[in-house]
Each structure stands twice: as structure tokens, then as C-alpha cells.
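Working notes for the structure below.
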Amino acid sequence: MFKKLLIANRGEIAVRVIRTCRELGISPVAVYSEADRSALHVRMADEAHCIGPAPSRESYLNQERLLQAARDSHAEAIHPGYGFLSENASFVRAVEAAGLVFVGPPASAMDAMGEKTRARANMEKAKVPVVPGSTAPFADADAALAFAHTVGFPIMLKAVAGGGGKGMRRVDTAAELPSAFRAAQSEAQSAFGNGSVYLEKLLEQPRHIEIQLFADAHGGCVHLNERECSAQRRHQKVIEETPSPVLSASMRAAMGEVAVRAARAVGYVGAGTVEFLVDKHRNFYFLEMNTRLQVEHPVTEWVTGLDLVAWQLRVAAGEKLGFATEAPRGHALEVRVYAEDPAQNFLPSPGRITYLRSPSGPCVRDDSGVYAGYTVPTTYDPLISKLSVWAPTRAESIARMRRALSEYVVKGITTNLRYLRAIVEHPEFVAGDYDTSFLPRAHAALTRPPGGAVAEAALLASVVHARARDVRRRSALLPAQGQKASLSPWRLQGRRPRR
Ligand code: MV4
8 MFKKLLIANR
18 GEIAVRVIRT
28 CRELGISPVA
38 VYSEADRSAL
48 HVRMADEAHC
58 IGPAPSRESY
68 LNQERLLQAA
78 RDSHAEAIHP
88 GYGFLSENAS
98 FVRAVEAAGL
108 VFVGPPASAM
118 DAMGEKTRAR
128 ANMEKAKVPV
138 VPGSTAPFAD
148 ADAALAFAHT
158 VGFPIMLKAV
168 AGGGGKGMRR
178 VDTAAELPSA
188 FRAAQSEAQS
198 AFGNGSVYLE
208 KLLEQPRHIE
218 IQLFADAHGG
228 CVHLNERECS
238 AQRRHQKVIE
248 ETPSPVLSAS
258 MRAAMGEVAV
268 RAARAVGYVG
278 AGTVEFLVDK
288 HRNFYFLEMN
298 TRLQVEHPVT
308 EWVTGLDLVA
318 WQLRVAAGEK
328 LGFATEAPRG
338 HALEVRVYAE
348 DPAQNFLPSP
358 GRITYLRSPS
368 GPCVRDDSGV
378 YAGYTVPTTY
388 DPLISKLSVW
398 APTRAESIAR
408 MRRALSEYVV
418 KGITTNLRYL
428 RAIVEHPEFV
438 AGDYDTSFLP
448 RAHAALTRPP
458 GGAVAEAALL
468 ASVVHARARD
478 VRRRSALLPA
488 QGQKASLSPW
498 RLQGRRPRR
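For reference, each letter of the sequence shown is one residue, going 8 to 506 in the working numbering.
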């Protein structure tokens, strides 16, 4: 096993990797930008190297600075976390050229799954079901229109370089296609520097279900069941669970088998995820493969009992997989806690955390990148933690998540905690019968302030009480007009009325 690992990331995922390093006796090396000098991952690592100014482009995406930090620290391997350079094949090649181990798949597997059209062509060849559509980009809107007629409307235009819904356009009729084509092209060009667009038949209100898999360098490849990720808004997952409330054991096995076939077809090694869209008839189609450890991996860890980061490191060090596919044990839920204001269109709300109480207790896990007194920077994704729970059944898991969310207190910044509490109370979520249209449809109900006459009266009463108390305190502490202070000004210095 490696003695020293450089973690080319920040925030909660850097902290997550550091924790496994400790358990495996590996010395963790952090990197940080100038905006992250006081970040938690920097404090927890054995050493930390500054890799440049705040903008990601100049720090967490700066390959040369990362490799220099690896050389300076004598690290043997680099863990990329998620985001940043985690799915960048040229970085993998640079890491290997520097004589280091990249903790992730080979560059060739990333290339095979990178562009969506190439991935679709590779999957078709491997007999993996893909959404009906094209496997090459179109030269112009006329070519797209001709093809659209062969699959039938409605269709979805997608960016070849896509992901995250950018450059994606729903088209219901032939008349709309030309302008949608140009819009998708220019959006893709500015987002990815690649304006290529292809099309798929549109699936109405699909579910997003993904299969976790693991492959070693000796031909071993197994799946670790699914994660249900249909609760998304603007292509951001908000809550994830496993097992999916809608999958039967036979469908789970069928999807798992297909995912393993997909991974084998591209020579995959390490942790990866195959994303599927599932339609209302329970047909499932390959969407894309994520060639990294995902944000939502903790729910899989809960129901398998495996440490996925530990297995990434073992596989990268050349070990064989030491586990097989098993039926999921119990149920796990994860919510993403963001520094953002759901009432203001999810506007990021960075700033100083003045008070923090994280939930704990039985089968509760909080993967956090912050601490009380920490200032959430404006520069990066405002994810501050991932709260996950385990319980024997889905109903108990929801009850446990409600309990954990009720313990969570963050002051000084606005968070989405109230929004998350509303989701786990929502009848549609509780029923488990939700698809990707759930969060957008339920938006108003999920962001309504806690209502009712009683709540309003309680709020008013608390304001009146606080005001009366402050007035009382001031008159008790401060000298009356023309009188000497009863307390030394030194003792009053810095005092504020308590909350
Ligand atoms: C689709 C689709 C319907 N039909 N493709 C959105 C992000 C991108 N990675 C794929 N996405 C979709 N592709 C076809 N042919 C609907 C979506 C989609 C979606 C998918 C997964 C989770 C949430 C979503 C929200 C809106 C649209």
C-alpha cells in the first residue's frame, strides 16, 4: 500500500479521503488555494501545499502545480476526489508520466466514456441498451431534422461534450427544431468549447437510477447495486437513496449485469458509476458513465459495509477485489446540505459559520467540510456537508433522517436545511413514488415558510420577548442618566445581549 497520498481536491471529499488514509496508515497530503488556507482538509492532513490563487483554474485545475506538490511531498499516488480533474484523461496521463499512480480508471477508459456519442457507440457495440438516437453529431439542423423524423418526436437535443443538462433542448415538433438546434449548439460551444450536438428520443419524466461498480486490474468487476437519484433540481442531486423504492430484485440484477458489461467493454478499473434513465414502463437505458467516485457514495457504503475509498486505494495499488455483489442490507438516505437560500432561487449564501451543531447518534453520518468559525468561501461549490443515515427499512430511514435534520443547527449563513426537512416530510417522497419531475413540481410546497396562525403568533411573541429582554438588560447594566456605572466599563466591554 502507498505510504503517502496527495489529495487533489478540497472540502468534504478531501476530508473523506483523509479519513480513510488514517485508517490505512497512509500519510495524507492536502493541497489548497489561497482561499482555502483555513479549510478543514488543510488542518486534518499531515502536510498541505499551496497550489495557487482562489480561482480553480489557477489552483485545483492547475495540473503543473498539483504535480509539483506531489513531487515536493514525495507522494506516490494522487486521489482526485470528484469534480475538478477527476475525469480529465490528460491529467491521468500527466500523473502517470510523472511516475505517480492515479487513483482512478485508465485514461483510455475515460476517453471511451467521455464524449456522449462515443460512449453510446461503445455501449451499442457492447449490447448495452442506449436511448434510441444518433451516435454521431449532426453537421447542421437539416441533418438533425431528417434523423428526428426517423426516431419520431418529441426528441432531446444533447451536447456531445455534455453533462449537467448544458446544451440540452427538448424539441416537440419539427418546426421548433432549427432554432433549438442553433441554441443547443451555441450553449454547448460556450460551455464546453465544443458545439457538437446529437439527438435522442425523449423519455417523459424518467427516473435517474445509477449502478455503482468496481473493477480491479486483474479482470475482476462487480456491481454494488443502485442509487436512486431522481430527486434533482437543475441537474443537481439533492437527495439520494439505496435501494431504490421502485427496483425489484430481478431488475436490480439486470441493471447490475448491464453495468458490469459496460465497464468491461471499456477496460474499466476502479470505482465507477453507470447512470441509467428508467421510463414509466421500467425500461432502462444507459445515459452516461461517471468515471470517478461520486458525491453520493456514502449510501452505498451504508448498505454494503464497504469503504469505497479504501477499495479505490487497494485497487490502485494492484490488489484484487475482496468482495462480491450482495443484496443490499437495509436502507440508506443522503441529503446534500448547501450554503444557499431556497427562498431566493437557491442563491449561494457563503459567509462565516458562527455556530454549528452537527447531528450524530445511531447510524447517522455527517461528511462535512466545515467547522464553527469557518468562512464558507464564495469561490467554490457551496456544498457544506452530506448527511446520511442507515436503518433496517426505508420508513425507519426516513424517520432517522428527520430526527438527524432536526438536530442540525447552522448559524451565520443561510442553508437549505429547511428545504431538506420539507422533502423528507413530502407525501410523494415518503411514498417513494417519485421521478425527476418531483422537485421542480413540488418547489412551492417545499419552500413555503412554516405557516399557520400558531407559527405566526409564536414568531411575534418571540420578537416581543427578545426586545423586552434587551431593554431590561440594558437598563440593568447601564448607568441611569447622571449616575456612575454600577459595573466597570472593562466588564461591560464586548458584552452583547445573549441570544
Ligand atoms: C434525457 C431526458 C429525457 N430523455 N434524455 C438531464 C441531464 C443529462 N445528463 C440527461 N438528462 C436527461 N436526459 C432523454 N432522451 C431527461 C433528462 C433529465 C434528467 C435526467 C436525470 C435526472 C434529472 C433530469 C432532469 C431533467 C431532464
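Even glycine gets a Cβ: it sits at the ideal position worked out from N, Cα and C.
About 7 Å separates the Cβ atoms of Met-175 and Gly-169, confirming a contact at the 8 Å cut-off. Distance from the Cα of Ala-272 is smallest, within the candidate group Arg-234, Glu-131, Phe-91, for Glu-131. Our two residues, Gly-277 and Val-229, have alpha carbons roughly 11 Å apart in a direct line. Relative to the ligand MV4, Leu-294 has its C-beta within less than 7 Å of a heavy atom. Only residues of its own chain outside the window of five on either side were considered, and among them Lys-327, Leu-328 have a CB closer than 7 Å to the CB of Gly-227, listed in chain order. The alpha-carbon of Val-383 is positioned some 14 Å away from that of Val-49. In the DSSP assignment, Lys-418 is bridged to Tyr-362.
Judged by the Cβ position, Lys-287 fails to qualify as a neighbour of the ligand MV4 at the 7 Å threshold, every heavy atom of the ligand being at least this far. In this model, His-304 and Leu-315 are separated by some 8 Å (Cα to Cα). At a Cβ-Cβ threshold of 8 Å, Gln-70 and Leu-92 count as neighbours.
Between Gly-439 and Arg-401, the CB-CB gap stays under 8 Å. Taking all protein chains in view, the Cβ of Ser-413 is surrounded by fewer than 16 other Cβ atoms within 10 Å, so the residue is classified as exposed. The ligand MV4 has a heavy atom closer than 7 Å to the beta-carbon of Pro-213.
For Asn-201, the three-state secondary structure derived from DSSP is coil.
The secondary-structure analysis by DSSP pairs Val-24 with nothing; it has no beta-bridge partner. Met-163 has Arg-177, Glu-207 as its beta-bridge partners, per DSSP. His-338 places its beta carbon 8 Å or farther from that of Ala-260.
Taken through DSSP and simplified to helix, strand or coil, His-242 comes out as coil.
Glu-194 is a Cβ neighbour of Lys-173, given a cutoff of 8 Å.
Under the three-state reduction of DSSP, Ser-66 is assigned to coil, being neither helix nor strand. If you check the CB distance, Ala-411 and Leu-424 do not come in under 8 Å.
Separation of Ala-182 and Arg-234 (C-alpha to C-alpha, rounded to the nearest whole angstrom) is 38 Å. The shortest CA-to-CA distance from Ala-104 to any of Arg-78, Gly-376, Glu-41 is the one to Arg-78. Annotated three-state conformation of Ala-101 is helix, per DSSP. According to the DSSP secondary-structure assignment, Gly-277 is paired through a beta bridge with Ala-222. By DSSP's assignment, Arg-372 forms a beta bridge with Ser-395. Under the three-pair Cβ rule at 8 Å, the region 111-120 does not count as touching the region 243-258. Across the set Glu-207, Arg-336, Phe-330, Leu-107, the C-alpha of Glu-207 shows the shortest separation from the C-alpha of Lys-123. Secondary structure at Asp-348: strand, using DSSP grouped into helix, strand and coil. DSSP places Lys-11 in the uninterrupted beta strand (DSSP E) bounded by 11-14.
According to the DSSP assignment, Ser-34 belongs to the beta strand (DSSP E) that extends over 34-39. In the same chain as Pro-144, and ignoring 5 residues on each side of it, the C-beta atoms closer than 8 Å to its own belong to Thr-124, Val-167, Ser-203, Val-204, Tyr-205, in chain order.
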